[in-house]
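In the numbering used here, the protein residues as written are 18 to 320.
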């Protein structure tokens, strides 16, 4: 059917009909008729095609395994953060697509984020654990309240799709070895002051997350000394990754590093030409239906 001359015409007509019934617009430039227009999709791809080290910009990351081994052997005590590989910087199209996917129900743009995450996973697998025959990918757990509010776990949705299509790096497997622990509401309020994680500073985020995670039943399958890579969506201070690493190391696992889709702020060591070659995000004046849809919050998933 795809080779038939009329296939493109039928597909185009169905898309036009679908956009009429469920109007939507690009989450980046607000161009109508698609959640991510071709220009913004190309911009996103160029922004995430070269994974980079992002650990120097996050002050809440734990110490790397190599630094701990050196100190135990009587070496220097210079702090070396856990290596973190990011697919792209948390800015412009990358941040807009991530926010739309996580908080606004645009699961139809997950394929572009899966490609970015897969590239970072492959880079981390063969950079951080080149000699390990098997590496476990441990996703940072999501809170039950966030899953209920969204209706899905964004990180699990991306990883499961990559696993089904066999796009994960060779010798890797997903292991949900960490989960959110149950803490009394009084203790939560006393630690965070009733503020969300985003509203807290570096020290507040670290204290807010300390003890918030625990080993899941799948941890017994990890094994002592088995290399792991923590997977998260966005790197800010690194407090969430640090809490996940704490639980894994307490269980005897060896955490080789972490992988994120985007890192903020962008590392100061990034080559300036990386962003210079990227064109500006196209700005298209929204049509009257598109502007109306933006105000009422209509997209292709929730109608």
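We put the beta carbon where it would ideally sit given N, CA and C, even for glycine.
Candidates 139, 251 and 272: closest to residue 113 by CA position: 251
Minimum length 4: unbroken alpha helix (DSSP H) runs contained in the region 22-54: 24-38
Residue 234, DSSP secondary structure in three states: helix
Among 146, 179 and 199, which has the Cα closest to the Cα of residue 160? 199
Should the region 161-170 be regarded as contacting the region 125-140, the criterion being three or more beta carbon pairs within less than 8 angstroms? no
CB contact check: residue 197 to chain C, cutoff 9 angstroms: You won't find chain C in this structure, because it holds only one protein chain.
Among 230, 103 and 151, nearest to residue 191 - alpha-carbon criterion: 151
Neighbourhood of residue 65 by C-beta, 6 angstroms cutoff - its chain only, sequence neighbours within 5 removed: 104, 105 and 133
Cα-Cα separation between residue 307 and residue 45, rounded to whole angstroms: At residue 307 the pLDDT is 42, less than 50, meaning the model places this residue with poor confidence; the figure from the coordinates comes in the next sentence. Cα-Cα distance, rounded: 13 angstroms.
Quick one: is residue 95 buried, meaning 16 or more other Cβ sit within 10 Å of its Cβ, or exposed? exposed
Proximal residues to residue 154 (C-beta, below 6 angstroms), its chain only, five neighbours per side dropped: 189, 191, 246 and 248
Return helix, strand or coil for residue 181, following the three-state DSSP convention. helix
Limits of the unbroken alpha helix (DSSP H) element including residue 261: 256-267
Residue 8 lies in the alpha helix (DSSP H); which residues open and close that run? Because residue 8 is not part of the residues shown, which for the chain are 18 to 320, the question remains open.
Can you look up residue 77 in the DSSP assignment and give me helix, strand or coil? coil
What does residue 127 pair with, by DSSP beta-bridge criteria? Note: residue 127 sits in no beta bridge, so no partner.
Where does residue 226 land, buried or exposed, given buried means 16+ other C-beta within 10 angstroms? buried
Residue 295 (DSSP reduced to helix, strand or coil): Confidence at residue 295 is low in this model, with a pLDDT of 43, below 50, so its placement is unreliable and the value that follows should be read with caution. In the structure shown, residue 295 sits in coil (DSSP, three-state: anything other than H, G, I, E or B).
From residue 31 to residue 24, what distance separates their C-alpha atoms? 11 angstroms
Look up residue 241 in the DSSP assignment and give the residues it is bridged to. DSSP output for residue 241 lists no bridge partner at all.
Measure from the alpha carbon of residue 55 to the alpha carbon of each residue in 124, 279 and 110, then state which is nearest. 110
What does DSSP give as the partner residues of residue 105 in its beta bridges? 279
Taking C-beta to C-beta, are residue 186 and residue 142 nearer than 9 angstroms? yes
7 angstroms Cβ shell around residue 164 - same chain, five flanking residues per side excluded: 170
Proximity winner among 138, 43, 69 and 75, relative to residue 60 (alpha-carbon distances): 43
When you compare only the Cα positions, how much space is there between residue 76 and residue 68? 20 angstroms
So the candidates are 182, 162 and 124; which of them puts its Cα closest to the Cα of residue 197? 162
Compute the Euclidean distance between the alpha carbons of residue 47 and residue 173, then round it to the nearest angstrom. 27 angstroms
Just the Cα atoms here: how many angstroms apart are residue 81 and residue 18? 53 angstroms
May I ask you to list the residues that DSSP assigns as paired with residue 156? 248
Straight-line CA distance for residue 274 to residue 144? 10 angstroms
When we look at the beta-carbon of residue 20 and count the other beta-carbons within 10 Å, is it buried (16 or more) or exposed? exposed
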